[in-house]
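Only one structure is covered here, and it is reproduced in the block below.
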Amino acid sequence: MQMKNKMLPLAAAIALALVAAGSAHAEEQIVKIGHVGPVTGPSAHLGKDMENGAKMAIEELNAKGITLGGKKIKFVLLAEDDASDPKQGTAAAQKLVDAKIDGVIGHLNSGTTIPASKIYYDAGIPQISPAATSPKYTQQGFNSVFRVVANDGQLGGTLGRYAATTLKAKNIAVIDDRTAYGQGVAQEFAKGAKSAGVNIVATQFTNDKATDFNAILTSIKAKNPDVIFFGGMDAVAGPMLRQMKALGIKAKFMGGDGMCTAELGKLAGDGLANDQVVCAEAGGVEESGKKGLEDFKAAFQKKFNAEVKLYAPYSYDSVMTMVEAMQKANSADPKKYLPELARIHHKGVTGMIAFDAKGDIKDGTLTLYTYKDGKRTLLTVTK
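Note that the sequence shown covers residues -26 to -1, 1 to 357 in mature numbering (1 follows the signal peptide of the UniProt record, and there is no 0).
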């Protein structure tokens, strides 16, 4: 009898602990952040890089034990694949909207980002793209769209002027892959080059899945250009460089962020000569931010056993920027945190993130690279 009496307080204590645990669990709020990028197809290595950057941010946020409105928050990443295809991209966007996400990071390609943005806007869901550079994305009048990288107007124009003033090019051939990104960056490059007095001697087109460029390169070779500019991704640029070498074309090869990756050296193989390529990343950090970015890359390498390809730090910063806006609003309700997102000043690993009235990043940096011994090598950081 005495033993039974002694056990009663223990049983009561266990019951109270279980009730308390259940109550604490009930107070936890799930915040769902969507992510969309190509994790299949020719740009899968870039899409997975971007997705892993978002995963890294989510895990760090959950480790901090963030609260909103008095409730502990558990962030969940809902990742979808758009395979760089606009139709699959809009399907992925609708799937995330139906899942009642609180915000979305993505997409990678402008061609998927732009049509998907209408779906998110109609649902009132804020969207931050870590990669899409087409000016059209932020020219739609949507108050829910943002990007953390410079746009094609900045990137293409800078490369066009660089070709004229630094490379001293007189005659340039332009190729694009007919995607929203490739066509847009090529057009902006041509504008920048023409404004600096360069002649565009040839304009050719391919597609984002092509592997044979002999016909267009042979036609270009006859024009004897100083520079060939390609608007497209690294999966196409690499084989194009191989075929340029086979045809004896010694022109400089320029392009935007889509081909300006660590993978280009592998994809081009012996087709990539030292200092032949000049490309620009639609982002990057100035001297004061180098340590933070290098620390991020080291942590990423340790976590995923892979080097940063290109977009991981931008997707990481996109998540962190969105969540800081939620913290300022003390809510994950899109209607409440969207105004905070529009006026945010977030110090990220890629630099200070603040947006203009359209949702473009303010004072976005550009980083120009070349390649030596197959490895991407810094040229300069500019604005």
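The beta-carbon is built from N, C-alpha and C at its ideal position, and this holds for glycine as well. Here the structure is a predicted model, which is why all the values come from computation and not from measurement.
Alpha helix (DSSP H) segments (min. 4 residues) lying fully within the stretch 273 to 342 = Those alpha helix (DSSP H) runs which fall completely within the stretch 273 to 342 and span 4+ residues are 286 to 303 and 308 to 316.
What does DSSP give as the partner residues of Leu52 in its beta bridges?
-> Residue 52 sits at position 78 when you count from the first residue of the sequence shown. According to DSSP, which records beta bridges pairwise, Leu52 is partnered with Gly8.
State whether the stretch 63 to 78 contacts the stretch 8 to 19, with contact taken as three or more CB pairs (one from each stretch) at a distance under 8 Å.
-> Yes, they touch.
Thinking C-beta only, is Gly212 closer than 8 Å to Ala242?
-> For the purposes of this step, residue 242 is identified with residue 268 of the sequence shown, where counting begins at 1. For the purposes of this step, residue 212 is identified with residue 238 of the sequence shown, where counting begins at 1. In this structure, Gly212 lies closer than 8 Å to Ala242 by Cβ.
If we ignore side chains and look at the alpha-carbon of each, how far apart do Phe163 and Thr180 end up?
-> On the sequence shown, residue 163 is found 189 positions in, with the first residue counted as 1. On the sequence shown, residue 180 is found 206 positions in, with the first residue counted as 1. Phe163 and Thr180 have their C-alpha atoms spaced approximately 17 Å apart.
Determine, using beta carbons only, whether Ala254 and Leu129 come nearer to each other than 8 Å.
-> Walking along the sequence shown from the start, residue 254 turns up at place 280. Walking along the sequence shown from the start, residue 129 turns up at place 155. Yes, Cβ-Cβ distance for Ala254 and Leu129 is below 8 Å.
Ordered along the chain, which non-local residues of its own chain (more than five positions away) have a Cβ less than 8 Å from that of Leu42?
-> On the sequence shown, position 68 is the one that residue 42 refers to. Excluding sequence neighbours, Leu42 sits near Gln3, Val5, Met300, Gln301, Asn304, Ser305 and Ala306.
Between the beta-carbon of Asn26 and the beta-carbon of Ala286, is there less than 8 Å?
-> On the sequence shown, residue 26 is found 52 positions in, with the first residue counted as 1. On the sequence shown, residue 286 is found 312 positions in, with the first residue counted as 1. Closer than 8 Å, so yes.
Please report how far the alpha carbon of Asp291 lies from the alpha carbon of Gly80, in whole angstroms.
-> Position 317 of the sequence shown holds residue 291. Position 106 of the sequence shown holds residue 80. Each residue's Cα considered, the two are about 12 Å apart.
Assuming Thr140 contacts Val259 under a Cβ cut-off of 8 Å, what Cβ separation, rounded to an integer in Å, is found between them?
-> Here residue 140 refers to the residue found at position 166 of the sequence shown. Here residue 259 refers to the residue found at position 285 of the sequence shown. About 21 Å separates the beta carbon of Thr140 from that of Val259, a gap too long to meet the 8 Å contact definition.
Whole-angstrom distance between Glu281 and Lys195, CA atom to CA atom = As a working mapping, residue 195 is identified with position 221 in the sequence shown. As a working mapping, residue 281 is identified with position 307 in the sequence shown. In this structure, the straight-line span from the alpha carbon of Lys195 to that of Glu281 is close to 36 Å.
Exposed or buried, Val297, counting other C-beta atoms within 10 Å across all chains shown (16 or more means buried)?
-> By 1-based counting over the sequence shown, the position of residue 297 is 323. It is buried - the Cβ of Val297 has at least 16 other Cβ atoms within 10 Å.
Just tell me which of Lys46, Thr132, Glu261 and Ser108 has its CA closest to the CA of Val122.
-> Here residue 122 refers to the residue found at position 148 of the sequence shown. Checked all of Lys46, Thr132, Glu261 and Ser108; the closest Cα to Val122 is Ser108.
In the DSSP assignment, find the alpha helix (DSSP H) that holds Met218 and state where it starts and stops.
-> Within the sequence shown, residue 218 is the residue found at index 244, counting from 1. Per DSSP, Met218 belongs to the alpha helix (DSSP H) from Asp208 to Ala220.
Would you say the stretch 153 to 168 touches the stretch 99 to 119, given that touching needs at least three Cβ pairs under 8 Å?
-> Verdict: yes, contact present.
His(-2), DSSP secondary structure in three states | Here residue -2 is taken as the residue at index 25 of the sequence shown, counted from 1. Model confidence at His(-2) stands at a pLDDT of 48, short of 50, so the residue's coordinates are unreliable and nothing is read from them.
What number of angstroms, rounded off, separates the C-alpha of Gly239 from the C-alpha of Ser103?
-> Sequence index remark: in the sequence shown, residue 239 carries index 265 (1-based). Sequence index remark: in the sequence shown, residue 103 carries index 129 (1-based). Cα to Cα, Gly239 sits roughly 26 Å from Ser103.
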